[in-house]
Amino acid sequence: MTSERIVLPNLPQNDAPEELLQQYGCGPIKFNGSNNALYERHLLFDNALPSSEVGNRERYEAAARSVRDILSQRWQQTDQAYNQENPKRIYYLSMEFLIGRSLSNNILNLRLEPLVGQFLKENQLDELAILAEEPDAGLGNGGLGRLAACFLDSMAAMQLPGMGYGLRYEYGIFKQTIVDGWQQEQPDNWLRRPDPWEVARPQHAVTVELGCSFEVRGGNLKAITGAPSKLLGIPYDRPIVGYGGKTINTLRLWASAAPNSFDFQEFSAGEFVSALAESLTAETVTRVLYPDDSTSMGQGLRFVQEYFLVACSLADLIRRFRMNNSDWNNLPDKVAIQLNDTHPSLAVAELMRILLDDAALGWERAWDITKRSLAYTNHTLLPEALEKWPLRWFELMLPRHLQIIGKIDRLLRQEAMVRWPDDQGRVERAAVIEPGGGLVRMAHLAIVGSHSTNGVAAIHSRLLRDVTVRDLAELYPERFNNKTNGITPRRWLLLSNPDLSNCITNAIGDRWITKTEDLERLKPLADDGEFLGAVRMAKRRAKLRFAEWLKSQAGIRVDPDTIFDSQIKRIHEYKRQLLNALRIVALYNRIRENPHIDMPPRTFFFAGKAAPAYHVAKLIIKFLNNLADTIDGDPATRGRLQVVFIPEYCVSVAERLVPASDVSNQISTAGYEASGTSNMKFMMNGALTLGTRDGATIEMADAAGEENFFLFGLTAEQVAASQGWYSPWWHYENEQETRAVLDLILSGHFSRYEPVLADAMRNILLTGGDTYRHLADFTSYMEADMRLQSLYAKPQDWTRMVVRNLAGSGRFSSDRTISEYASAIWNAKPCLVP
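In this text, residue positions in the sequence shown follow the numbering used here: the first is 1090, and each later residue adds one.
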C-alpha cells in the first residue's frame, strides 16, 4: 500500500454561470429572455396545474428537477469514466445516511448560486419557503449517518470513484414532538411526496434468498421453517455532487419488494389480506429505520434488514466488477468495501458464500480475497452497541452463512490456541461464536474477515485495541489503525454559515473550501482587530438569523444578546445531558441566592432524540423541559437564564443552530464517546468548546491549543480505575453545591406533580451508582464554566480564542479523513472525469 496522501484537485472558483451550464452539457438556456427554461418546463408539465394553483411544493420540485437536469449529463459521464478507466472503486456500506436536504447543497457544490440568485430575483420567489418544502431525509439516527454523508461528499469532491450503499427506508427516523415535556414519536413519511432526486433502476434489481418464508398470523409475521423465500431489492440512485461539479458519484438505496406481489387466486377467492401477504412481508424490511429492538420481533427484522443491505450491495458491486474483470483474484485490486460499523458485518459471510458457491473457489483463496477486499470501521466501545445475533436466526434464515461462520470460528480458535496454548479464556474471548450463549459476535466477524479495523479518534482506537477487543488486536496487530472522523466544510461552513465563510474568504482567499489546511493562515489574524470585529459581526448575524427562524418555526423567543450555549446530539446517559442540567440548576440557585450576582445572561439549547425504547433517555428529555418551564416561570431568573429544548432535531436544525452558538458542550463521560462530529462542526463555526478529554475533542484541543479550550473532568483512565470503588454519595455529602443542586431536584421543585421524575433522578445520580460519573465531574464542570463566563466578559479575548479554534479546525475536514482512508486502507486514487 502507498502512504501517499490523496489531495483535492485544484478547482476553478470563478466560472461564469453560462460557462458552468455548458460544462454540465446544458448549453445556454434562455426562455422568454431569462434563465427560466428548465424550471418553467417542469412547473408546467410535471404538475399540469394552472399557475393559480401552484404552491411552494410544486416550485420546490420544479427547482430540484431543474438542478437534476443540469447535473444529469455529468452524472452519466462520471459513471462512464469509471467503466472505461476501470479504477479501483470504493463501496461504502452503511445502514444510515443522514443526508439532510439536497437542493441547496447541490446548488452550492455545482456553484450555481449566481444563476439561482438571478432566477429568484427575476421571479420574486421566496427562497427559504421553497427550500423548506424539501423533507429532511431522516435515513439515519445521528453521527454515524451524518458521517457517512460527509464521507460521500468528500469522495466526490476529491474525484475518488466511490459509491454509497444503504436502505431506502419508507419511514426514516421518527418525527419527534414534545407533549407536556415528554417525547412523542410520529412516523416520518419522507416519501409521501415524490422525491425529485432519486432515480429508480429496476433493471438492476437483485434477488435475495432466505431460508424461510413468512405469513401473516394473528396480525403478526410468523416464520415458516423449511420453506425458502425470496426478496427483491430495487435500487434507487441519488446524485452525490462533488464541489465544482467535476465528479458526481452515486448513493444507491435499496427498497425491498416481493417477486410476486399479488396472489390473484386468493384475491378472487375473497382472501384479500392473504393475497397481499407476500408483498406486505417484503415491504416491511425497508419500512422503518431501526425498528424498536426491545422485542425479539424488532431484533429479527433488524437482522433481516442488515442481510438485505449486504446481499443487495455485494451482488451489485460484483456485477460491476465482472463487467470489466474476469479474474476473481483481481477483486481486492478493483474493489474496496468499507463496513460502516457492525451493521454490514454479514458481508464477510456473504462474500465468502459468493466466492465459494458462485465462483467455485477454494476456501483459502476465497478467504484471502475476502479479507483483502473488506475493511471495518468500529464506532463504539459500548458493549450493547457491539451487535450479537442468535445462532437460531442463522439456522432459520441463513443456514449456509452459519456453516461459513462456523468454519471461520473454528479456524480462528485454532489460530488463537497456537498463540495462547495455555489460556483457553483468551481463545474464548477472541472467538466469533460466543461460548455457551449461542450468539455470533458481529464485530469479531468483521475484524477477522477484513484486513483493516479502524477506530474514529485516537483515544477510541487505543481503547478499542487495548480493552474492547484486546485479544483480537494482539492476534492481528497489523490490522488495527486510527482514522479520526471529519466533517465536510462545504455543507457545515460554506453553506450553513455564509457570513463567517465570507469573512474567512476575504481574509485568506477561497482555497480553504477544498484545502482546509489553509485555515491555519487565520492564526496570525487572532491579533488583527479588524478581523476580530468581522468575526464578531458574523456571529452576531448568525444569532439574529437563528432567533428569527426559531420564532417563526416554533414560536420561541430567544435573546441574541445572551450567550448561546448548546448541546445537540442523541439523548444518551453517557453523553450527559443531565450533567448540563445540573450546571443550569446550580446557576439558577446562585441567582436565587444572590440576585445581584455578576453573571452574563445565557440561553441553553438542547436538541436530540431518544430511542423509542430508551426509557431513561426519555426521562432526561422530560426533566430538561420541566427545567425550562420552571426557570421561565421564575421572575428571579427571567431574562437571565433560559432553557430551550428544540424538538425534531435534524440536519437542517443543526445547520442553523451550530453557526449561531457561542458555546459547544462536549461533556461525555471520558472513554465512552468514540469521536463525535458535532464537536467539529461547532469548532469550525466559531463556538468555543466546554468539554471532557474524550473522543476527538482531545485532538481538537491539541490542534488549537488546550489553553483555547475549557477542558474539565476525569480522564478515561481515571474513570476506568474508579469502577470498583466510586460512590456518588461522597460528592453529595462533601460538596456543598452538589448537595444543594441535588436537594432542589429531589425535593420535586422541577416536578411538583410528577414525583416519578424526582425518583428517577435519584436513581440515576445516587442510588443507582451514577454509572456515568455525573457527580464526579460536576465541580470541575462548574469551575470550567466560571472560566468561560470570565472570558466572555472580554469580547476581544473571546474572539481571539474563537479565531485560534477556527485556525485549528481544518484538520477535522472529512477530506483529510478520506485522504487517509484512500491511501492507507483502500489504496484508491482519483479518477478524473473528462
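Built from N, CA and C at the ideal position, the CB exists for glycine as well. Since this is a predicted model, take the numbers as computed values, not measurements.
**Message:** Counting only beta-carbon separations shorter than 8 angstroms, does L1552 have a partner in chain B?
**Reply:** Within the model displayed, chain B is absent; a lone protein chain is all it includes.
**Asked** How would you write the range of the alpha helix (DSSP H) that V1399 sits in, first residue to last?
**Response** Along the sequence shown, one-based indexing puts residue 1399 at 310. Where V1399 is concerned, the enclosing alpha helix (DSSP H) stretches over S1385 to N1413.
**Prompt:** Going by the CB atoms, is the gap between L1256 and A1294 shorter than 8 angstroms?
**Reply:** As a first step, residue 1294 is located in the sequence shown; it is residue number 205 there, counting from the start. As a first step, residue 1256 is located in the sequence shown; it is residue number 167 there, counting from the start. No, they are not a contact pair.
**Asked** Hey, F1694 and L1713: beta-carbon distance below 8 angstroms or not?
**Response** For this step, residue 1694 is matched to residue 605 along the sequence shown. For this step, residue 1713 is matched to residue 624 along the sequence shown. Not in contact: F1694 and L1713 (Cβ atoms no closer than 8 angstroms).
**Request:** May I have a chain-ordered list of the alpha helix (DSSP H) segments no shorter than 4 residues that lie completely inside the region 1464 to 1537?
**Result:** 1480 to 1486, 1488 to 1508, 1513 to 1519 and 1531 to 1537
**Message:** Less than 8 angstroms between the beta carbons of V1892 and V1624, yes or no?
**Reply:** Working through the sequence shown from its first residue, we reach residue 1892 at position 803. Working through the sequence shown from its first residue, we reach residue 1624 at position 535. Going by C-beta atoms, V1892 is nearer than 8 angstroms to V1624.
**Proximal residues to T1692 (C-beta, below 6 angstroms), its chain only, five neighbours per side dropped** = The residue given as residue 1692 occupies position 603 in the sequence shown. Excluding residues within five positions, the ones whose Cβ falls inside 6 angstroms are V1647, T1651, F1653 and Q1731.
**Prompt:** Under the DSSP definition of a beta bridge, which residues are partnered with K1698?
**Reply:** Against the sequence shown, residue 1698 aligns to sequence position 609. K1698 pairs with nothing; no bridge assigned.
**Item:** DSSP state of Q1292 mapped onto helix, strand, coil
**Value:** Your numbering for residue 1292 matches position 203 in the sequence shown. Helix at Q1292.
**Request:** Give me the Cα-Cα distance between L1777 and T1766, rounded to the nearest whole angstrom.
**Result:** Translated into positions along the sequence shown, residue 1777 becomes position 688. Translated into positions along the sequence shown, residue 1766 becomes position 677. Those two C-alpha atoms are separated by around 15 angstroms.
**Request:** Find the nearest neighbour of E1567 within the set H1540, N1894, I1657 and W1581, judged by alpha-carbon distance.
**Result:** Counting from one through the sequence shown, the residue named residue 1567 turns up at place 478. Nearest C-alpha to E1567: H1540.
**Asked** Is T1868 helix, strand or coil by DSSP?
**Response** The residue given as residue 1868 occupies position 779 in the sequence shown. Three-state DSSP puts T1868 in a helix.
**Message:** Just to confirm the assignment: which complete beta strand (DSSP E) runs, minimum length 3, are found wholly within the region 1656 to 1730?
**Reply:** 1691 to 1696
**Request:** With M1769 as the anchor, note down where its alpha helix (DSSP H) starts and where it stops.
**Result:** Here residue 1769 is taken as the residue at index 680 of the sequence shown, counted from 1. Note, M1769: alpha helix (DSSP H), S1767 to M1773.
**Asked** Can you give the Cα-Cα distance for Q1275 and D1269, rounded to whole angstroms?
**Response** Start at 1 with the first residue of the sequence shown, and residue 1275 comes out as number 186. Start at 1 with the first residue of the sequence shown, and residue 1269 comes out as number 180. Their backbone Cα atoms lie some 16 angstroms apart in a straight line.
**Asked** Under 8 angstroms, do D1866 and G1802 count as touching if we go by C-beta distance?
**Response** If you number the sequence shown from 1, residue 1866 lands on position 777. If you number the sequence shown from 1, residue 1802 lands on position 713. With respect to the 8 angstroms criterion, D1866 and G1802 are classified as neighbours on the basis of their beta carbons.
**Request:** Decide if K1698 is buried, meaning its Cβ has at least 16 other Cβ atoms within 10 Å, or exposed.
**Result:** Indexing the sequence shown from 1 puts residue 1698 at position 609. Looking at its Cβ environment, which holds 16 or more other Cβ atoms inside 10 Å, K1698 is buried.
**Asked** Considering only C-alpha positions, which residue in the set L1214, L1138, K1632 and L1534 is nearest to K1460?
**Response** Here residue 1460 refers to the residue found at position 371 of the sequence shown. When only C-alpha atoms are compared, the closest one is L1534.
**Request:** With P1328 as the anchor, note down where its beta strand (DSSP E) starts and where it stops.
**Result:** As a first step, residue 1328 is located in the sequence shown; it is residue number 239 there, counting from the start. S1318 to V1330 is the extent of the beta strand (DSSP E) around P1328.
**Request:** Please determine if the region 1741 to 1760 and the region 1514 to 1524 are in contact, where contact requires at least 3 C-beta pairs separated by less than 8 angstroms.
**Result:** no
**Sub-8 angstroms separation of L1491 and V1537 beta-carbons** = Here residue 1491 corresponds to residue number 402 of the sequence shown, with the count starting at 1. Here residue 1537 corresponds to residue number 448 of the sequence shown, with the count starting at 1. Judged by their CB atoms, L1491 and V1537 are not nearer to each other than the 8 angstroms cut-off.
**Reduced DSSP secondary structure (H/G/I, E/B, other) of M1890** = Along the sequence shown, read from residue 1 onward, the residue named residue 1890 stands at position 801. If DSSP states are grouped into helix, strand and coil, M1890 belongs with the helices.
**Message:** Considering Cα atoms alone, identify which of L1132, M1871 and Q1642 is closest to L1217.
**Reply:** On the sequence shown, position 128 is the one that residue 1217 refers to. Considering only alpha carbons, the answer is Q1642.
**Request:** Measure the beta-carbon distance from A1547 to D1588 and round it to whole angstroms, keeping in mind my assumption that it falls under 8 angstroms.
**Result:** For the purposes of this step, residue 1547 is taken as the residue at position 458 of the sequence shown. For the purposes of this step, residue 1588 is taken as the residue at position 499 of the sequence shown. Not quite, the Cβ-Cβ distance comes to about 33 angstroms (not below 8 angstroms), so this is no contact.
**Message:** Here's the rule: buried if 16 or more other CB atoms are within 10 angstroms of the residue's CB, otherwise exposed. What is H1704?
**Reply:** Here residue 1704 refers to the residue found at position 615 of the sequence shown. Exposed, by the Cβ-count rule.
**Message:** Whole angstroms are fine: how far does the CA of A1505 sit from the CA of E1395?
**Reply:** Stepping through the sequence shown from its first residue, residue 1395 is reached at position 306. Stepping through the sequence shown from its first residue, residue 1505 is reached at position 416. Cα-Cα distance, rounded: 29 angstroms.
**Message:** Nearest by alpha-carbon distance to E1291: which of G1253, G1251, A1347 and L1716 is it?
**Reply:** If you number the sequence shown from 1, residue 1291 lands on position 202. The amino acid occupying residue 1291 in the given sequence is Pro; Glu does not appear at that position. Of the listed residues, the one whose Cα sits closest to P1291 is A1347.
**Message:** To the nearest angstrom, how far is the alpha carbon of L1199 from that of G1331?
**Reply:** Walking along the sequence shown from the start, residue 1199 turns up at place 110. Walking along the sequence shown from the start, residue 1331 turns up at place 242. Approximately 8 angstroms between the Cα atoms of the pair.
**Item:** Assigned exposure category for A1810 - 16 Cβ within 10 Å defines buried
**Value:** As a working note, residue 1810 is residue 721 in the sequence shown. Under this definition A1810 is an exposed residue.
**Buried versus exposed, by CB contacts within 10 Å (16 or more), D1242** = Within the sequence shown, the letter at position 153 stands for residue 1242. That one is buried.
**Request:** Give a yes or no on whether the C-beta atoms belonging to A1896 and L1621 are separated by under 8 angstroms.
**Result:** Numbered from 1 along the sequence shown, position 807 holds the residue referred to as residue 1896. Numbered from 1 along the sequence shown, position 532 holds the residue referred to as residue 1621. No, Cβ-Cβ distance for A1896 and L1621 is not below 8 angstroms.
**Helix, strand or coil at R1341 [DSSP, three-state]** = Mapped onto the sequence shown, residue 1341 falls at position 252. It is a strand residue.
**Request:** For R1554, I'd like the list of residues in its chain whose CB is within less than 6 angstroms of its CB, leaving aside the five on either flank, ordered along the chain.
**Result:** Position 465 of the sequence shown, counted from the first residue, corresponds to residue 1554. Counting only Cβ-Cβ distances below 6 angstroms, and skipping sequence neighbours, we find A1562 and F1569.
**Asked** Per DSSP, what kind of secondary structure is M1090 in: helix, strand or coil?
**Response** Counting from one through the sequence shown, the residue named residue 1090 turns up at place 1. Confidence in M1090 is poor, its pLDDT being 37 and thus under 50, which makes the residue's placement too unreliable to answer from.
**Item:** Cβ separation of A1237 and N1338, assumed to be a contact under 8 angstroms, to the nearest whole Å
**Value:** As a working note, residue 1237 is residue 148 in the sequence shown. As a working note, residue 1338 is residue 249 in the sequence shown. That pair is no contact at about 13 angstroms.
**Message:** Tell me the residue span of the alpha helix (DSSP H) that contains T1542.
**Reply:** Indexing the sequence shown from 1 puts residue 1542 at position 453. Per DSSP, T1542 belongs to no alpha helix (DSSP H); it is in the beta strand (DSSP E), T1542 to G1544.
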